[in-house]
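Comments concern the structure below.
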Amino acid sequence: MDKDAFAYPELHYFKSGNIYSGSYKGLNYKLTPDGETLHIVIWYGMYCSAVSEMRAQKDLPLTADGLEESRQYLWERYVEMVKAAAKN
-6 MDKDAFAYPE
4 LHYFKSGNIY
14 SGSYKGLNYK
24 LTPDGETLHI
34 VIWYGMYCSA
44 VSEMRAQKDL
54 PLTADGLEES
64 RQYLWERYVE
74 MVKAAAKN
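Take -6 as the starting number for the sequence shown in my numbering and just add one per residue.
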């Protein structure tokens, strides 16, 4: 995994109730904390989430381990996106 692909804020940022969105080479994502859960949504392309189809989502614990797992999850979805594009 590219260590800089999903370099977003650390746990205290999300524990403070902040939402974070970002992108990596066409894979867009939004991380939303909700109590002790980190909700992740993913969409592709150049448009914002409000006008895009959500392609994947996952809830993880809002912990240091959950945050690290979120980076791995996003990387796996990115690899899937690249493989699907190569088939077309």
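Note that the Cβ used here is the ideal one computed from N, Cα and C, for glycine as well.
Looking from the CA of L24, the closest CA among K8, Y17 and V34 belongs to V34. Beta-bridge analysis with DSSP links L53 to L31. For Y1, no beta strand (DSSP E) encloses it, and the DSSP letter there is neither H nor E. With a 10 Å radius around the Cβ and a threshold of 16 neighbouring Cβ atoms, N81 comes out exposed. At the C-beta level, L53 and E46 stay beyond 8 Å of one another.
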